[in-house]
Amino acid sequence: MKCPQCNYNQRRKRQGIKCIQCGYVFVFDPLRNDPVLDYRMANMIKKASSNDTQYFTPDMLYGLFLRYRKHDHLFYTAVVLLIISAISGIMSFNVDTANAKSYTIISLFFFIPSILYYISYRYKKVHNYLSRKDFDKALQKWQKNSILSSYKLIETPGLRPPPDWKEKDIFSYGVEKIIILDNNLSVDLMIKNNEHVNAKALIISSTGYPKYLKPILKKILAEQTDIPIVLLHGSSRQAHTVVQQFKNKTGIDLNNYTLQIPGYTAEQLKEIKYLQNYPPEVRHKLSLDMLPYAATIGLFSLSAALLAEEFNKSSALAYIIEDDDFE
Amino acid sequence: MDAIFGYIGLHAPPLCQSMYAQLQHRGSDYHFIEQDHYAFGFIQTPLSWQQAQHHGLYEDANLIIAIAGFFTHTQTTMTPAQIAHLYKKHGIEALTQLSGAFVLSIYDKQRKHLCLMRDGAGQRTLYYSIWNKRIYFAVEPKAIHQLPGFSRRLRPASLAQYFSFSFIPEQYTMLENIYELRPGYYFSWNLSTQQQQLQRYFFFEKDASNTTAPHSWQQAFLHLFHETVADRLPHQKEVGVFLSGGLDSSIVTAELTQHQAAHTIHTFTLHFGKKYYHELDYARMLAKHCGTQHHELLLNPKNFLQRIQDIIWRLDDPIGDPITVPNYELAAFATQHVDWIFNGEGGDPCFGGPKNFGMLLQHWYGGLHRSKDFREHAYLTSFKKAYDDLPLLLSPAMQAAYSRQHDLIALLTPYFNTSQAENFLDKLMAMNIHLKGAHLILPKVERMLASHHLPALSPLFDDRMVVFSQCLPSQLKLSHGQEKHILKQCFANKIPQAIIDRPKNGMRVPVHFWFKGEMRRYAKHILSPKEINKAGIFQAERVKQLLQYDVAERNKRYGLKLWMLLTFEIWRRQVIEKE
């Protein structure tokens, strides 16, 4: 097992669970069949937090574990075996009868395993993934015991009213758009990562969280009757149920406003190549945070018209992600 | 564009010719007054400018005056001789009432006292340096830093500021011991006592609080805008406008059509090819609406890479905004048609630019960890340059040579703590005018246009407009999620509604894609590990990651960071290494 701190390749049986090079104490133990090891967990967290420069949620991290599954070696082995088999097959037609038989046998010898490898690859791609339950346990253990635990992980919603600013005009000018997310934790994620600043938007959840913003939201809606409202929800929910929940919790009927609902049904997600490693059952109950982060941001950064045109195309996410870096 | 330069100091060997040699791209018609211990130079613009009587050199028994630029408002007919008369009668205080786009130097021979002055908004720029008991001044730093004996040492704090803002704020430049005179300031220096004083005279925030509200802000704006455009118009000549398709340049074009009914107005729009974001449709719509003669220019690296060294030399003190090259190229193109170019610069800083909503929204949520300087940090981050990247980008030696607290945070704190503005929005606007306006927008457009002998005519950044914008109730700047509310109100029926309603996008120079394609080889050559290690300013590993588009941190912004690195590195080799 590889040490996440110094990259030393520790031999568990002979060298124990303390890195002999840097003293790092491993949290996960392959001998106890832990579903994930320290190096992978540290790497995934590094990715989710963009090297500790971005907040992330457990869902976001789980999405990464699903996207970066390592079954490619099975696929490539299948391809290599198939190529050898094909070459042998072709050779069998070009040599004399005595040798043709040998080439045919060689061809079959490689062809059968290539099929088996491919079946194994397909099976593992669909079925062999880290379950949510195992992931949650592993993450909890990591955060509790590892010296590399991340302070960028957001586990509970924690937004409160801001202090009383000395300037009285902080809330006076409205916003360019309103973004409604289907869960409270996603709101924390977006705010802590300053996405409301980038999108010039008020971000609130479908339960009306954070509650102190309700009067400000009502004032904006009264004054900016044509303000775009972007509603984002995971694939486990339907837009109208989110709209209904918002109405129940805040008393505001979104049907009276310009509402943009850019996608997120399981069918739409299926077409996106970035998400092809997600098992179907996960795709059907996908939370917002489990999409690539740049894609979620892109969804409320881009105009509704562009989304309508682009979202179902495979290039849509690439465009969105590139746009994130566009000066 | 016209220029002034010179020096004061005992027993000075003549240097006027050397200084002029660095500024000759501004014009070939120049005049000197050169004596034992002083010299003043003036470069005449080749254009016959309606306010030509304003500028030039003046000398009598007591005074020497050098003026570049023009005056506006009630001083449109002021001559250097009248300025001398005013100065003799009332002292420097009388000159603080001047309005326009100008820089001037005035030398009192008897008192051996020199005064340098820059206009209130910062439409013109002036640099100065003192060494060996001599003061040098010029409209571009290269006229000073290329002089024999000047020690060209990099100022590490400026480097950190450049990578945070993309420009260097306040009075500093990238080199130690060359200073930019701040807008609305004058600098005085006495040859005998060597005493110096930097004094602010243009307090637009205070002027704003003393102004009585007009009956109608919309009428007042239209009247003032009419004046600021009229003050800049040449008589009986065709003029051009840099028309991006955005609101600001559109209203300038619309206003010009009111003044120039008898003459053709040329509009110039630049784009980077159909595959990149462009605003050609908006620009065409406006051009058609106003009946201008419209021109479009396609710009790609193939066109400008062979000139980039020259462009950066002309730009001089580095500005890391990639818009500099489009400005330069569009100016080169426009000179084939007109001699006077208007622009829409000033609309953002004065009437509500794109940063303000973000800065306001930084205050909407609680329960977040906020340090005591979170506003300063948020403001620095709002530039979306390489502020977060400084610890990874700069070498350890460079990091040790500047203080984040002193050189970045502390220069912003006074703007947030000021008592001159009650509203947060007004504080932000004042900051934008003082910082981005005076040190990026105006110097950039001035130097890029001056390279082609064009004056930069920015009626929305007139000093009276700056005061007006501070007086304006903040709800007329930002309102109901819209920026530049008053401009939209005033021009609602004068320009196409689509331009009023469109969201602000700015000119997106596709550097992100250029550095992956057409500019990749060039950037790799200039930013090679060997050169980076030799200079010892950056961490070669980080530069390599940027060139490979392989950065793990969140704010990647490869294109912009590479552009800033490239601009700086070319400048460093030209200026410091003298390559």
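Line order of the protein sequences matches chains A and B. Under the working numbering, the first residue of the first sequence carries the number 1243, and numbering increases by one thereafter. Under the working numbering, the first residue of the second sequence carries the number 794, and numbering increases by one thereafter. Beta carbons: idealized from backbone N, C-alpha and C, even for Gly.
For residue i, which residues in the same chain have their Cβ closer than 7 angstroms to its Cβ, ignoring the five residues on either side in sequence?
i	result
Leu1280 of chain B	Leu1040, Ile1044, Gly1140 and Phe1144
Ala1316 of chain B	Phe1308, Leu1340, Leu1355 and Leu1359
Gln1296 of chain A	Lys1394 and Asn1435
Have a look at residue i and residue j and give me their C-alpha separation to the nearest angstrom.
i	j	result
Phe1135 of chain B	Leu1253 of chain B	10 angstroms
Ser821 of chain B	Gly893 of chain B	25 angstroms
Glu753 of chain B	Trp1307 of chain B	Because chain B is modelled from 794 through 1372, residue 753 of chain B falls outside the range shown and cannot be assessed.
Leu1242 of chain B	Arg945 of chain B	26 angstroms
Leu1548 of chain A	Leu1501 of chain A	Residue placement at Leu1548 of chain A is flagged as unreliable, the pLDDT there being 46, under the threshold of 50; a coordinate-derived value is accordingly withheld.
Val1439 of chain A	Phe1018 of chain B	32 angstroms
Glu1239 of chain B	Phe960 of chain B	15 angstroms
His1278 of chain B	His1008 of chain B	18 angstroms
Ser1267 of chain B	Gln1051 of chain B	28 angstroms
Ser1414 of chain A	Tyr1172 of chain B	19 angstroms
Ser1233 of chain A	Ser1529 of chain A	The first residue shown for chain A is 1243 and the last is 1569, placing residue 1233 of chain A beyond what the model contains.
Thr1467 of chain A	Thr867 of chain B	45 angstroms
Ala1340 of chain A	Ser1334 of chain A	10 angstroms
Ser957 of chain B	Ala1023 of chain B	37 angstroms
Gln988 of chain B	Trp924 of chain B	13 angstroms
Lys1068 of chain B	Ile1116 of chain B	18 angstroms
Ser1556 of chain A	Leu1533 of chain A	Its pLDDT being 34, under 50, Ser1556 of chain A is placed unreliably in this model, and the value from its coordinates should be taken loosely. Going from the Cα of Ser1556 of chain A to the Cα of Leu1533 of chain A covers about 15 angstroms.
Gly1159 of chain B	Pro1405 of chain A	7 angstroms
Lys1165 of chain B	Lys1260 of chain A	41 angstroms
Arg1365 of chain B	Glu1372 of chain B	9 angstroms
Tyr1499 of chain A	Ile1458 of chain A	16 angstroms
Are any of the Cβ atoms in chain B nearer than 8 angstroms to that of residue i?
i	result
Asn1249 of chain A	no
Tyr1415 of chain A	yes
Gly1265 of chain A	no
Tyr1473 of chain A	Per the sequence shown, residue 1473 of chain A should be read as Leu rather than Tyr. It does not; no Cβ of chain B falls within 8 angstroms.
Glu1397 of chain A	no
Ile1412 of chain A	yes
Arg1274 of chain A	no
Thr1295 of chain A	yes
Ile1287 of chain A	no
Please list, in chain order, all residues of the same chain as residue i whose beta carbon is under 8 angstroms from its beta carbon, the five residues on each side excluded.
i	result
Val896 of chain B	Ile797, Ile860, Ala861, Gly862, Leu909, Met910, Arg911, Asp912, Arg917, Thr918, Leu919, Val932 and Leu974
Tyr955 of chain B	Ile961, Met967, Pro1111, Gly1113, Met1357 and Phe1361
Gly1450 of chain A	Lys1456, Phe1488, Lys1491 and Thr1492
Lys999 of chain B	Gln1213
Asp1074 of chain B	Gly1038
Ala1291 of chain B	Tyr1075 and Met1078
Contact criterion: CB-CB distance below 8 angstroms. Does residue i meet it with respect to chain A?
i	result
Thr1346 of chain B	Looking at the sequence shown, residue 1346 of chain B is not Thr but Glu. With 8 angstroms as the cut-off, Glu1346 of chain B counts as an interface residue toward chain A.
Gly1159 of chain B	yes
Phe1217 of chain B	yes
His1156 of chain B	yes
Phe1150 of chain B	yes
His1087 of chain B	no
Asp1181 of chain B	yes
Gly1137 of chain B	no
Gln1268 of chain B	yes
Gly1274 of chain B	yes
Leu984 of chain B	no
Apart from the five residues just before and just after residue i, which ones in its own chain have a Cβ nearer than 6 angstroms to its Cβ?
i	result
Trp1133 of chain B	Pro1027 and Val1032
Tyr929 of chain B	Tyr800, Ser922 and Ile937
Pro990 of chain B	Here the sequence assigns Gln to residue 990 of chain B, which means Pro is not the residue at that position. Excluding positions up to five away in sequence, the list reads Ser981.
Start-end ranges of the beta strand (DSSP E) lying completely within the stretch 1077 to 1122 of chain B, minimum 3 residues: 1086 to 1091
Secondary structure, beta strand (DSSP E): runs of 3+ residues fully inside the stretch 908 to 950 of chain B: 920 to 924 and 927 to 931
Inter-stretch contact at 8 angstroms, needing at least 3 Cβ pairs: the stretch 1268 to 1282 of chain A / the stretch 1376 to 1389 of chain A: yes
Inter-stretch contact (C-beta, 8 angstroms, three-pair minimum) for the stretch 1462 to 1477 of chain A and the stretch 1415 to 1430 of chain A: yes
At least three beta-carbon pairs within less than 8 angstroms, the stretch 1303 to 1310 of chain A to the stretch 1518 to 1526 of chain A: yes
Meets three-Cβ-pair contact criterion under 8 angstroms: the stretch 953 to 972 of chain B and the stretch 1098 to 1114 of chain B: yes
4-residue-minimum alpha helix (DSSP H) runs that sit fully inside the stretch 1108 to 1195 of chain B, ordered along the chain: 1117 to 1127, 1140 to 1144, 1148 to 1154, 1167 to 1175, 1183 to 1186 and 1189 to 1193
Touching by the beta-carbon criterion (3+ pairs, under 8 angstroms), the stretch 1349 to 1362 of chain A and the stretch 1327 to 1335 of chain A: yes
Entirely enclosed alpha helix (DSSP H) segments - the stretch 1312 to 1378 of chain A, minimum 4 residues: 1314 to 1336 and 1339 to 1369
Alpha helix (DSSP H) runs wholly inside the stretch 1015 to 1053 of chain B, at least 4 long, in chain order: 1040 to 1052
4-residue-minimum alpha helix (DSSP H) runs that sit fully inside the stretch 1280 to 1329 of chain B, ordered along the chain: 1290 to 1294, 1304 to 1307, 1313 to 1319 and 1322 to 1328
Meets three-Cβ-pair contact criterion under 8 angstroms: the stretch 937 to 951 of chain B and the stretch 1188 to 1204 of chain B: yes
Segment contact flag, the stretch 1311 to 1326 of chain B with the stretch 1092 to 1101 of chain B, C-beta cutoff 8 angstroms, min 3 pairs: yes
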